[in-house]
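Residue numbers (my numbering), protein chains in the order written: chain A, 141 to 869; chain B, 197 to 477.
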């Protein structure tokens, strides 16, 4: 039979999506459905003096919900209980939800929302994260700090020799920009409970949050076809599902809430802005003696997942390098801005941009080639990371050598003319940049051991059904899970099907985040398949191939097995002191970017992007390549295009796709995507996580390339033409 | 989702269209809809009545007449790109059309609509200024009148159109041998972008001397504008790139969510100087 694993099988969800048959949440039509809309704060910080309805308006077919109508607790439960579903006495950021309305049509709902009047008493607002810890007002706890952490390797103070090199690096917000905006449909059940169908990543997060808001657990959450998430549909769907459920509860009928793009851009989570200060000592040859890092992130008004984001930033700010000593301090603080949250990379891209730019500064200061500086300091077998983790089978050098060889192998594609003139190559300066990054796969430290991800397999007839709470949000896991099962059991792919991602039937496989689904949950799928074969042999009381036994099986009831993630028992992690094995393994990636900078306008033309990524094993090469190329283009967007422009209150001003600029296909370079297979024994067939690492490396490589082309030293993202031109000497 | 409760009037002839515009002067004219639909979707416009011009055949067509090229007001961006006549007579306008929107937008968006919308970032406006275009306006009562393009724009999104008038055509003088033109759009990205600034230049040289200069910029202020100071300085001598610095007498750029005033000013000078350097050889 065919060797399924490692083959580029097309996505199982592809035909339905391409032909328009796939049902996204807005395509789901339920009789009697109302549409919901949200009344939001126009102030960054204010007391709510009153909420009243315009009595001249016709409210006869409108349902209104405020915080007093919440049957359970007014909280969106995630890590802490600080964020309300609807503001009560105080609003803490612009766009914070205050009241909800539902009406028979979308237009009527939007109109009704405009007729809800909120009386405010504005209070002083704190928007600048650098003043959050020192100034009033208090937003969170005693010191406005959501999470502060510190880690040490050796004693940096004891290192006094070498050259002291310091730098500061700043990055802005980034919007996930999933193609489908946030949307949820809440349908009351006959037993008094509610079913949520939505565009979401983590159905069990929604279950947890809704149980608290509704005060009961008669609910199930179903993922509809989802048009991308990138982390943006990790925590926010809990808020939207709570709102839709409250309205459905009140109206006694289904309620659909679909955000318009502008509302989605203004109100939902973004990548955390960050400031990273690095103070390092290196010897004359470029050996890295000490790293002193200070990472500050803007969490916005509520905690969301910020403590985990800052943790990943702290664990990646060393870069994939060997430091003799290190002291990392990191804090994520509260401001009166809309909360920031999960986004592909989850704190690592911010940290990695800083450390990679800093390596360029070291190279410049010591007159060492920046690639050689990286090569000499990359982590090697047996080296210690800054948490004291012993590095095993590192892929940094493999990736760097592969990417550089590919860059030398083929001539650069010709410099394409800029549409609308400016085709004069003489007025565009070429530059090349290189970066190397790593990314911890799966949850940090003991995270996976706590989650205990579960997968169920069922056999009935010649059908194996995979039941998992892990969702496919475009990354392809609904394709690779069946590939794993079919390969292990040596059966045709057509025998395997995915059960709907409905919490009424699937187990909790942990959230679909952290580059963990293929590696961790895929490993559980692998184990479950072996367990199913063993159970079938036990039932038949003879050893034989799975297909043979399945065909011969006479029992009516499905044969059902459950497997659970078994963490590597040798891993050790001290969550208090941040010492030990921070991640079960790491993916590694090198980027070589070639670009040209227009000397008249500062515009960057991307010519070629070569990436070489150690992903352990490619379960499905074309899907792996797609993940890396999509992520890399998203990283180029963050590097030179995407800027969230806010007013003094933290309100996003460029809330349209005409002025929040992401790259188009015309802006994309030729991509050469090399997959390096350096197997990890803990993953299925040796696979590691790869979803996030392409977001980590390109921005720093672009900065180095712009510097090579123009001499402009840029330490702030995005590197817009305005900033490039201003920095060009 | 987009809903409008506007009444749609769909005349079949120009006479009908002008009569309807005269009897309902508040009616918004709809050509390809690529600007109007965006405004309606963003709740910035809620018209009670729309005059749908798409079926008026007299507003279409693109042909040469007595030393002029006549472009019907409904000429689309795609038609501009595909016209052999314009490829030889107005390559800068064709280049500008290529940078506009995406294929769907170019199939619907029209030259007349671009003028009537009068966004200072309109892609066709600098080429039309540099080419000395003339705008033809029609009304039921007063018939047709022609306005030089530079006098068509009166202020931010304000034009010389009277309430009972429609744009009927745009006229371009046929190209004179020896004219050299250049178009450059500095947008936010390589496709589907709105200009941070745009530039179209035209010079005519005889014996190394500039006898005519037209330098037009978009998106630098409330209206697209000509750089008269630099034009006058260029005329009568060889191409001198350093004259680009005089541009600061002609422009007062604005800042918005797309770019800064400093960037627009500096890049306008750079782009002009870059082209002049290329011309000077």
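Virtual Cβ for every residue (Gly too), placed ideally from N, Cα, C.
Which stretch, first to last residue, makes up the beta strand (DSSP E) that contains residue i?
| i | result |
| --- | --- |
| residue 438 of chain A | 428-440 |
| residue 704 of chain A | 699-704 |
| residue 627 of chain A | Not the beta strand (DSSP E): residue 627 of chain A falls in the alpha helix (DSSP H), residues 617-629. |
| residue 364 of chain B | 362-369 |
| residue 225 of chain B | 224-226 |
| residue 811 of chain A | 810-816 |
| residue 778 of chain A | Where residue 778 of chain A is concerned, there is no enclosing beta strand (DSSP E), although the alpha helix (DSSP H) it sits in stretches over 761-780. |
| residue 728 of chain A | 725-738 |
| residue 203 of chain A | 203-205 |
| residue 187 of chain A | 186-193 |
| residue 530 of chain A | Run containing residue 530 of chain A: none; DSSP gives neither H nor E here. |
| residue 238 of chain A | 237-243 |
| residue 335 of chain B | 330-335 |
| residue 646 of chain A | Element bounds for residue 646 of chain A: n/a, residue is neither H nor E. |
| residue 526 of chain A | No beta strand (DSSP E) contains residue 526 of chain A, which DSSP labels as neither H nor E. |
Name the two residues that bound the continuous alpha helix (DSSP H) containing residue i.
| i | result |
| --- | --- |
| residue 211 of chain B | 210-219 |
| residue 670 of chain A | 662-680 |
| residue 471 of chain B | 457-476 |
| residue 637 of chain A | Segment 636-638 is the beta strand (DSSP E) holding residue 637 of chain A; no alpha helix (DSSP H) there. |
| residue 133 of chain A | Coverage of chain A is limited to positions 141 through 869, which leaves residue 133 of chain A absent and any answer about it impossible. |
Throw me the rounded Cβ distance for the residue i and residue j pair, which I believe falls under 8 Å.
| i | j | result |
| --- | --- | --- |
| residue 270 of chain A | residue 180 of chain A | Actually they are not in contact, since the Cβ atoms of residue 270 of chain A and residue 180 of chain A sit about 27 Å apart, beyond 8 Å. |
| residue 277 of chain B | residue 329 of chain B | Residue 277 of chain B to residue 329 of chain B, Cβ: 18 Å. No contact. |
| residue 270 of chain B | residue 306 of chain B | 5 Å |
| residue 508 of chain A | residue 426 of chain A | 5 Å |
| residue 700 of chain A | residue 598 of chain A | 5 Å |
| residue 216 of chain B | residue 247 of chain B | 6 Å |
| residue 390 of chain A | residue 205 of chain A | 5 Å |
| residue 840 of chain A | residue 497 of chain A | 6 Å |
| residue 192 of chain A | residue 257 of chain A | 5 Å |
Nearest to residue i by alpha carbon, out of the options?
| i | options | result |
| --- | --- | --- |
| residue 229 of chain A | A:196, A:185, A:251 | A:185 |
| residue 482 of chain A | A:494, A:700, A:762, A:444 | A:444 |
| residue 575 of chain A | A:225, A:837, A:267 | A:837 |
| residue 234 of chain B | B:342, B:301, B:383, B:292 | B:301 |
| residue 753 of chain A | A:578, A:435, A:527 | A:578 |
| residue 261 of chain A | A:182, A:695, A:827, A:356 | A:182 |
| residue 819 of chain A | A:584, A:147, A:542, A:756 | A:756 |
| residue 688 of chain A | A:629, A:165, A:582 | A:629 |
| residue 250 of chain B | B:309, B:382, B:467, B:327 | B:309 |
| residue 583 of chain A | A:642, A:726, A:763 | A:726 |
| residue 712 of chain A | A:589, A:305, A:172 | A:589 |
| residue 593 of chain A | A:580, A:607, A:603 | A:607 |
| residue 389 of chain B | B:425, B:317, B:377 | B:317 |
| residue 381 of chain A | A:506, A:361, A:372 | A:361 |
| residue 373 of chain A | A:534, A:408, A:503 | A:408 |
| residue 459 of chain B | A:621, A:867, A:862 | A:862 |
| residue 547 of chain A | A:210, A:213, A:813, A:173 | A:813 |
_Every unbroken beta strand (DSSP E) inside the segment 539-605 of chain A [3 residues or more]_ = Qualifying beta strand (DSSP E) stretches, in chain order: 568-581, 594-600.
*Entirely within the segment 278-317 of chain B and at least 4 residues each: give me those alpha helix (DSSP H) ranges in chain order.*
As summarised for the segment 278-317 of chain B, the continuous alpha helix (DSSP H) elements at least 4 residues long and confined to that stretch are 280-285, 287-294, 299-304, 307-313, given in chain order.
*asked:* Quick check on the DSSP output: what are the complete alpha helix (DSSP H) runs of length 4 or more inside the segment 340-419 of chain A, in order along the chain?
replied: Under the rule that a run must span 4 or more residues, the alpha helix (DSSP H) segments found entirely inside the segment 340-419 of chain A read 343-354, 376-391, 401-407.
_Residues within the segment 350-373 of chain B neighbouring chain A, beta-carbon criterion of under 9 Å_ = Cβ contacts with chain A: none found.
*For the segment 798-829 of chain A, which residues have a beta carbon sitting closer than 7 Å to at least one beta carbon of chain B?*
Going along the segment 798-829 of chain A in chain order, one finds 798, 799, 801, 803, 804, 806, 807 with a Cβ nearer than 7 Å to chain B.
*Taking a cut of 7 Å between CB atoms, which residues from the segment 186-203 of chain A lie near chain B?*
So the list is empty, because no residue satisfies the distance condition.
*If you scan the segment 422-510 of chain A from start to end, which runs of the beta strand (DSSP E) of 3 or more residues do you find wholly inside it?*
Here the runs fully enclosed are 428-440, 465-474.
*Tell me the start and end of each unbroken beta strand (DSSP E) in the segment 376-426 of chain B that is at least 3 residues and wholly inside, in chain order.*
Counting whole runs of 3 or more residues, the segment 376-426 of chain B contains the beta strand (DSSP E) stretches 391-402, 405-414.
*Taking a Cβ distance cut-off of 7 Å, strictly less, list which residues of the segment 455-474 of chain B are near chain A, in chain order.*
Taking 7 Å as the Cβ-Cβ cut-off, the segment 455-474 of chain B approaches chain A at 455, 456, 459, 462, 463, 466, 467, 470, 474, given in chain order.
*Which residues, taken in chain order from the segment 385-404 of chain B, show a beta carbon closer than 7 Å to some beta carbon of chain A?*
Hits within the stretch, in order: 385, 386, 387, 388, 390.
*Given a limit of 8 Å on CB to CB distance, which residues of the segment 772-800 of chain A reach chain B?*
Taking 8 Å as the Cβ-Cβ cut-off against chain B, the residues of the segment 772-800 of chain A that qualify are 781, 785, 793, 794, 796, 798, 799.
*Would you list, in sequence order, the uninterrupted beta strand (DSSP E) runs of no fewer than 3 residues that lie entirely inside the segment 268-297 of chain A?*
Counting whole runs of 3 or more residues, the segment 268-297 of chain A contains the beta strand (DSSP E) stretches 285-293.
*What residues from the segment 642-664 of chain A come within 8 Å of chain B, judged by C-beta to C-beta, listed N to C?*
Correct list: empty, as no residue qualifies.
*What residues from the segment 284-297 of chain B come within 8 Å of chain A, judged by C-beta to C-beta, listed N to C?*
Within the segment 284-297 of chain B, the qualifying residues are 291, 292, 294, 295.
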